[in-house]
Amino acid sequence: MILVVNAGSSSIKFKLYDISQKNNPISLVEGLAERIKVDGALTIKMNDKKHQFDDKMDDHLMAVKSILNRFKELKVIENIEDIKGIGFRVVHGGDKIVKPVELTDENKKTIEENIRLAPLHNPGALTAIEAFEKGLPNAKLVGCFDTSFHQTMPEKSFLYTVPYSWYKEYKVRKYGFHGISFDYITEECAKIFNKKKEKLNLIICHLGNGASMCCVKHGQSFDTTMGLTPLAGLMMGTRSGDIDASILQYMAKELNKDVYEITDILNKQSGLLGISEISSDMRDITNEAFHKGENANRAYLTLELYSERVAEYIVKYANHLQGNVDAIVFTAGIGENSSVIRSWAMERVKLMNIEIDKEKNEADYDLYMEISTPNSDVPVFKIRTDEELMICKETLKFLK
Ligand code: AMP
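Going by this note's numbering, the sequence shown opens with residue 2, and the numbers climb by one from there.
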């Protein structure tokens with residue numbers, strides 16, 4: 002079995018896979034240990050039934066022990082040693098880690114060095130890695146990084162137009178995130194189009210609470226919208242996306258706050274929430290706009306701003322690909338489920354003739370569906386992403 006782990010400073014999200022059929026890992030259970038260092042709460046979902054426990058969790062190691070003990074108790078697994086590999090999602094691998102790696106001391110040191118670039122994310126992953134190392138000493142530990150898929154970007158995509166010494170001395174550059182999802186979608190497209198990954202040109206819109214897009218050229222990341230941090234690019238649930246950098250100093254002065262406080266507002270009170278003043282959740286905003294609530298006009302404007310940004314990047318990326326685009330793909334919470342955002346974004350792309358089939362756009366689907374008509378210059382797809390499965394498959398490669 003392989004356990005896939007996505008850990009934060011006070012939580013561990015996990016999914017356990019049976020890998021006895023190597024080409025088809027089967028998810029057995031999933032769950033969440035949260036409120037670590039507070040009191041502790043563990044939820045395990047098995048066969049559509051939720052089991053809840055209030056195990057005490059003073060630290061990540063106690064959380065790990067509690068997860069493993071409950072696996073045994075629920076008879077998910079007879080012998081904990083059957084977990085042969087653990088795949089960790091790690092946000093920042095900097096510019097050193099370009100693919101999934103075994104978590105050796107050297108690679109753990111790289112995660113630690115990158116804490117300064119991802120202070121909110123890397124520490125939780127590192128603490129969880131160390132806890133699982135103690136809890137399951139015989140398992141192979143593998144790290145999959147959100148940044149590594151983007152290490153193929155050329156300098157002209159990843160450099161900012163700031164003093165070059167900022168890049169050389171302080172590593173200020175575009176890193177990009179959501180790489181595990183972009184990689185998964187690229188592999189899915191290779192299967193759908195029956196084409197070699199190296200031959201694929203895609204524009205992928207990963208639109209979730211956090212959102213970014215990727216221009217995939219010959220199967221590799223050529224450009225992406227997030228930057229040094231996940232604040233850049235598209236408008237997101239609570240993040241602003243790209244803005245004029247001078248707004249920072251201007252608003253710091255106006256609000257008598259420091260640059261950290263203003264950055265916090267750009268991360269947590271901007272985007273969908275900031276503009277709509279309704280919610281950071283796309284469902285709430287769409288409901289308000291179409292059911293003509295009190296704030297319908299603002300909700301409508303928010304949807305317009307959101308779709309406009311997506312369309313702008315589609316055009317930019319189609320230009321990178323010289324118009325040679327195999328598909329535009331929508332994925333993640335909003336991309337997979339919002340027919341409104343998909344059709345509004347595509348309507349705003351004026352430089353290509355893209356025709357969306359209304360029925361297919363709104364239809365239920367299982368794993369993926371083409372939503373454009375045969376007349377469309379470029380096929381458009383909605384595809385469900387599965388970052389955990391991708392991590393499981395990558396971890397499996399290390400067990401061979
Ligand atoms: P994620 O971060 O990938 O879980 O995506 C979360 C976002 O997806 C939230 O903004 C949700 O409102 C949005 N979302 C989920 N389901 C729907 C839906 N049926 N229609 C519109 N947005 C949705």
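Note that CB positions come from ideal geometry on N, CA and C, so glycine has one too.
DSSP, reduced to helix, strand and coil, places Met347 within a helical segment of the structure shown.
For Asn338, the CB falls within less than 7 Å of some heavy atom of the ligand AMP. Straight across, the Cα-Cα distance linking Leu235 with Leu137 is about 40 Å.
Taking C-alpha positions only, Arg310 is separated from Ile342 by approximately 11 Å. Straight-line measurement puts the Cα of Thr303 at about 22 Å from the Cα of Ala246. Shown here for His207: same chain residues with a beta carbon closer than 6 Å to its own, the five before and five after excluded, namely His179, Ser182, Ser213, Thr332, Ala333 in chain order. Taking all protein chains in view, the Cβ of Lys16 is crowded by 16 or more other Cβ atoms within 10 Å, so the residue is classified as buried. Residue side-chain check: Ala364 keeps its Cβ at 7 Å or more from all non-hydrogen atoms of the ligand AMP. For the set Ala64, Glu114, Asp147, Lys135, the Cα lying nearest the Cα of Met391 is the one of Asp147. Excluding five sequence positions before and after Gly95, the CB atoms of its chain that fall closer than 6 Å to its own CB belong to Asn115, given in chain order. At least 8 Å separates the beta-carbon of Ser281 from that of Ser241. Contact between Ile13 and Ala64 holds, since their C-beta atoms are separated by about 5 Å, short of 8 Å. Nearest neighbour of Glu360 by Cα position, chosen from Tyr171, Gln152, Glu371, turns out to be Glu371. If you draw a straight line from the Cα of Gly275 to the Cα of Thr396, it is about 39 Å long. Thr287 has its Cβ nearer than 7 Å to a heavy atom of the ligand AMP.
Per DSSP, Phe89 is one residue of the beta strand (DSSP E) stretching across 86-91. Taking 7 Å as the cut-off, one finds at least one heavy atom of the ligand AMP near enough to the beta carbon of Ala333. The way I'd put it, the stretch 21-35 doesn't touch the stretch 126-142; fewer than three beta-carbon pairs between them come closer than 8 Å. For Gly144, no alpha helix (DSSP H) segment is defined; the enclosing uninterrupted segment is the beta strand (DSSP E) at 141-146. Secondary structure remark: continuous alpha helix (DSSP H) runs of at least 4 residues inside the stretch 194-278, in chain order: 247-256, 260-269, 272-277. In the three-state scheme derived from DSSP, where H, G and I count as helix and E and B as strand, Glu356 is classed as coil. Glu295 and Glu255 have their C-alpha atoms spaced approximately 30 Å apart. For His292, the number of other beta carbons within 10 angstroms of its own is below 16, and it is reported as exposed.
Within the stretch 96-160, the complete alpha helix (DSSP H) segments of 4 residues or longer fall at 106-114, 123-136, 156-159, listed in chain order.
Comparing alpha-carbon positions, the option among Asp55, Val39, Ile3, Tyr369 lying closest to Val30 turns out to be Ile3.
Contact between the stretch 68-79 and the stretch 371-386 is absent, with fewer than three C-beta pairs closer than 8 Å.
DSSP places Asn298 in the helix class (H, G or I) of the three-state scheme. Here the alpha carbon of His219 sits roughly 24 Å from the alpha carbon of Pro231.
A Cβ-Cβ distance of about 6 Å is found for the pair Ile130 and Phe89, placing them in contact under the 8 Å criterion.
A straight line joining the alpha-carbon of Asp184 with that of Lys66 spans about 32 Å.
Listed in chain order, the non-local C-beta contacts of Met252 below 7 Å within the same chain comprise Ile263, local neighbours out to five positions each way being set aside. It is roughly 8 Å from the alpha-carbon of Asn362 to the alpha-carbon of Ser373. For Thr396, the enclosing alpha helix (DSSP H) stretches over residues 388-400. At a Cβ-Cβ threshold of 8 Å, Asn195 and Val217 do not count as neighbours. Here Leu306 has Met236, Ile276 as same chain residues with Cβ atoms under 8 Å from its own Cβ, once five neighbours each way along the sequence are excluded.
In the three-state reduction of the DSSP assignment, Glu189 falls in the helix class.
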